[in-house]
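As you go down the protein sequences, you meet chains A and B in turn.
Once you know that position 80 of the first sequence is 353 in the numbering used here, the rest is easy, because the numbers rise by one and skip nothing.
Once you know that position 7 of the second sequence is 485 in the numbering used here, the rest is easy, because the numbers rise by one and skip nothing.
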Amino acid sequence: MYRNARELMEQTRENRCRISDIVLRKEKELFDKDPDTVYEELRHIYSVMGQSAYGAIHDPDRFRGRLIGGDGRRMEDYSRQEATYLGRVANHAMAMAFSTSEVNAAMGRICAAPTAGASGILPAALLTAQELFHHDEKAILDALLTASAVGDLIATGASVSGAEGGCQAETGTAAAMAAAALVQLQGGSPEAVFHGASIAIKNILGLVCDPVAGLVESPCAKRNASGVMNALISAEMALAGVESLIPFDEMVASMKRVGHQLPPALRETALGGIAITPTALKLAKTIHG
Amino acid sequence: MPNHSVLEILGPVMIGPSSSHTAGAVRLGRLARGINGRPFKKVRIGLHGSFASTYRGHGTDKALIAGLMGFATDDERIRDALTLAGKAGLEFDFTPVDLGAVHPNTARITFYNEDDTRMAVTGSSIGGGQVLIQKIDDTPLAFTGNYPTLIIDHIDRRGIISEITTLLARFEINIATMHVSRTQKNKNAVLLIEADQEFPEALEKDLVGIKDVNQVRMLNLEEDRHVS
Numbered sequence: 274m275y276r277n278a279r280e281l282m283e284q285t286r287e288n289r290c291r292i293s294d295i296v297l298r299k300e301k302e303l304f305d306k307d308p309d310t311v312y313e314e315l316r317h318i319y320s321v322m323g324q325s326a327y328g329a330i331h332d333p334d335r336f337r338g339r340l341i342g343g344d345g346r347r348m349e350d351y352s353r354q355e356a357t358y359l360g361r362v363a364n365h366a367m368a369m370a371f372s373t374s375e376v377n378a379a380m381g382r383i384c385a386a387p388t389a390g391a392s393g394i395l396p397a398a399l400l401t402a403q404e405l406f407h408h409d410e411k412a413i414l415d416a417l418l419t420a421s422a423v424g425d426l427i428a429t430g431a432s433v434s435g436a437e438g439g440c441q442a443e444t445g446t447a448a449a450m451a452a453a454a455l456v457q458l459q460g461g462s463p464e465a466v467f468h469g470a471s472i473a474i475k476n477i478l479g480l481v482c483d484p485v486a487g488l489v490e491s492p493c494a495k496r497n498a499s500g501v502m503n504a505l506i507s508a509e510m511a512l513a514g515v516e517s518l519i520p521f522d523e524m525v526a527s528m529k530r531v532g533h534q535l536p537p538a539l540r541e542t543a544l545g546g547i548a549i550t551p552t553a554l555k556l557a558k559t560i561h562g
Numbered sequence: 479m480p481n482h483s484v485l486e487i488l489g490p491v492m493i494g495p496s497s498s499h500t501a502g503a504v505r506l507g508r509l510a511r512g513i514n515g516r517p518f519k520k521v522r523i524g525l526h527g528s529f530a531s532t533y534r535g536h537g538t539d540k541a542l543i544a545g546l547m548g549f550a551t552d553d554e555r556i557r558d559a560l561t562l563a564g565k566a567g568l569e570f571d572f573t574p575v576d577l578g579a580v581h582p583n584t585a586r587i588t589f590y591n592e593d594d595t596r597m598a599v600t601g602s603s604i605g606g607g608q609v610l611i612q613k614i615d616d617t618p619l620a621f622t623g624n625y626p627t628l629i630i631d632h633i634d635r636r637g638i639i640s641e642i643t644t645l646l647a648r649f650e651i652n653i654a655t656m657h658v659s660r661t662q663k664n665k666n667a668v669l670l671i672e673a674d675q676e677f678p679e680a681l682e683k684d685l686v687g688i689k690d691v692n693q694v695r696m697l698n699l700e701e702d703r704h705v706s
C-alpha cells in the first residue's frame, strides 16, 4: 500500500512495474477482487464511455438538456473542415467531450469519472488515444486503472466534489486523470504520468463551480471540452519531458487549500460566478419558475 | 490513505445528470419500494430542501418514480419514468414539504398499497449516489441499503435479541452492525441488523415464529444489473 504519489512511484521503481499494476494489487488486497473481475468491470465502463462519447454526436436531438444540446455534433462537423486551427484530432476530442456532457444532461447513461458533471473528459481522452494509435483493449483498461489511482489520490487528499472544492475538483480531477492515462498509453514513465497530472491541475487550479440555473449543463459542458484539451496538452508536455516544478502530492494539497479558500458562492450553489449574471438568472426563472 | 476502489472513482455507471439528485434518488425509490414490500397503487412524495427546489431540473421526480418501479440507476428508461408509471396505472404526486433539520436532499414517500395498508419511508440522498433511510412511518432508523438489512418489530423482552441472533448464526449469517431502539420498556421495539450475507426466504418464517416478534422485513441487495 502507499500513502501518496511519491510512495506509489517508489513502489513502481522497486517492482519495475507500472502504476496500473500496483492498483490491481491494491484491488486484491483491499477489496478481494482478482484482476479478471476488475478488467471485466472496466470493460463495461469503457463501453459505456464509448456510447456516451458518440451518443449526442450521432443523435443530437435525442440528447438535449434544458440549456445545452447540439454542440457535440457542431464540433464534430467542424472537425472535418480543412482550415481549422487545431485540426481534426483536437476538435474531434472536444466533440466527444461535449457529447458525453449532453448525454448526461439529457438523462442518458454515463460513467461518473470522477463525477457526472466531469464525465466527458476521460472518455474523450481515451477514445482519442485509441483512434489515433489503435491501442489494444488491455492497454486502455490499464490506462483506466492509472487514471483511477490519480482520482483516488485527489479524492483522498483534496476532494472530487464541486460543492467542496469547486470545478477544479471535478473537471480538474478528470483532466488530471485523463492526462495520466494518456501519458501511460504513450509509454511515459510513472514519474511522467504524475508530471502530466500535476500540470493539468496547475492549469485550472481555483476554477469555480457556478452552474447556470443549478443545472449540470452550463458552463459544465464547455469545461468538459476544455478539460479534454487540458488533458491532451498536459500529456504532451509530460511526454516531451517537461516536468512539473511542484510535485503531485503538493499539487493535491494546494487543491485542497484553494477549495477551502473558495467562498461557498463559488462551490456549486449557483450563487456566484456566471450563475448570477442577469442572463443566467432569467434562464433560472424560466426553468424553475 | 488513498483507499477508494477503482469503481468508486470510475463510477457509478448511471443515468445523468447528477449523482445525488438522480442516481441517489433512484436508489432511494428502489430501497423504499423494498421496505414497503407490497404491491401499491399510489405514492405521494414529499420533497424537502434542495430536492424541493430543483427536482424538475435534475430529473429527481423521474428518478424517484423510476426507483419506485424497481429500475436500476443505469436504466435508460429513467428519463421516461413518469410516462411509464402513468401507463402502468401508478398514481403519483409531488409536494414540497418541510421535514425539519434533515439533510437537504430528503424525500418522504408514502405508499398506498393494494391491500389498503399505508407506509411512509423517509430517506436522504447524501452524495455520490449514496442514500440513508431515516424513518419508516414514525420510527427513526438509519441504514444505507449497502448491506442486506433486516428490520424486526418486536416486543422489548429479555432474551429476544439473543434468540434472533442465534437463529441468524444457524443460517450462517454474520452480523455487520446491529441497533436496537424501543419506545418504552417492555413495549414495542425495533431491531435493525445489517449483515454480510443475503437472507434466505426460510429465515423469515423462523423469525416470525419467535415469540413476541411482530413483523419482519428482509431487504436483500437488489442486483444492479447492467442493461447494455
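Glycine included, C-beta positions come from ideal geometry on N, C-alpha and C.
Residue-level contact to chain B via CB, residue i, 9 Å cutoff
i: ARG298 (chain A); result: no
i: GLY381 (chain A); result: yes
i: MET282 (chain A); result: no
i: VAL515 (chain A); result: no
i: ALA326 (chain A); result: no
i: VAL501 (chain A); result: no
i: ASP425 (chain A); result: yes
i: CYS487 (chain A); result: Correcting the residue identity first, residue 487 (chain A) is Gly in this sequence and not Cys. So yes, GLY487 (chain A) belongs to the interface.
Beta carbon proximity, residue i to chain A, threshold 9 Å
i: ARG511 (chain B); result: no
i: ARG534 (chain B); result: yes
i: ALA647 (chain B); result: no
i: ASN624 (chain B); result: no
i: PRO495 (chain B); result: yes
i: SER706 (chain B); result: Interpretation of SER706 (chain B) is limited by its pLDDT of 27, a score under 50 that renders its predicted location unreliable; no figure is taken from the coordinates.
i: ILE651 (chain B); result: no
i: ASP539 (chain B); result: no
i: GLY489 (chain B); result: yes
i: ARG703 (chain B); result: Note that ARG703 (chain B) scores 35 on pLDDT, short of 50, meaning its location in the model is unreliable and no value can be drawn from it.
Exposed unless 16 or more other CB atoms sit within 10 angstroms - verdict on residue i
i: TYR358 (chain A); result: exposed
i: GLY687 (chain B); result: exposed
i: VAL296 (chain A); result: buried
i: MET696 (chain B); result: buried
i: THR532 (chain B); result: buried
i: LYS540 (chain B); result: buried
i: HIS533 (chain A); result: exposed
i: SER325 (chain A); result: buried
i: SER432 (chain A); result: buried
i: VAL694 (chain B); result: buried
i: GLN662 (chain B); result: exposed
i: VAL515 (chain A); result: exposed
For residue i, three-class secondary structure by DSSP
i: MET492 (chain B); result: strand
i: SER293 (chain A); result: helix
i: ILE630 (chain B); result: strand
i: PHE406 (chain A); result: helix
i: ASP571 (chain B); result: strand
i: GLU314 (chain A); result: helix
i: GLY605 (chain B); result: strand
i: ASN288 (chain A); result: helix
i: HIS657 (chain B); result: strand
i: ALA585 (chain B); result: strand
i: ARG695 (chain B); result: strand
i: ASN476 (chain A); result: helix
i: ALA579 (chain B); result: coil
i: ASN218 (chain A); result: For chain A, the structure presents residues 274 to 562; residue 218 (chain A) sits outside this window and is missing.
i: LYS306 (chain A); result: coil
i: VAL466 (chain A); result: helix
The ligand GDP heavy atom lying under 8 Å from the CB of residue i
i: ARG596 (chain B); result: The ligand GDP is absent from the structure shown, which contains no ligand whatsoever.
Three CB pairs or more closer than 8 Å across the segment 512-524 of chain B and the segment 569-580 of chain B: yes
Whole beta strand (DSSP E) elements within the segment 371-428 of chain A, 3-residue minimum: 382-384
contact_flag[the segment 466-485 of chain A, the segment 441-451 of chain A] where n(CB pairs < 8 Å) is 3 or more: yes
Ordered list of beta strand (DSSP E) runs contained in the segment 484-560 of chain B, each at least 3 residues: 491-493 and 518-527
At least 3 beta-carbon pairs within less than 8 Å: the segment 546-559 of chain A vs the segment 490-503 of chain B: no
At least three beta-carbon pairs within less than 8 Å, the segment 374-382 of chain A to the segment 482-491 of chain A: yes
Given 8 Å, three or more beta-carbon pairs between the segment 638-650 of chain B and the segment 661-679 of chain B: yes
contact_flag[the segment 502-521 of chain A, the segment 463-475 of chain A] where n(CB pairs < 8 Å) is 3 or more: yes
Given 8 Å, three or more beta-carbon pairs between the segment 348-363 of chain A and the segment 284-301 of chain A: no
Inter-stretch contact (C-beta, 8 Å, three-pair minimum) for the segment 491-500 of chain A and the segment 482-492 of chain B: no
Meets three-Cβ-pair contact criterion under 8 Å: the segment 601-609 of chain B and the segment 505-516 of chain B: yes
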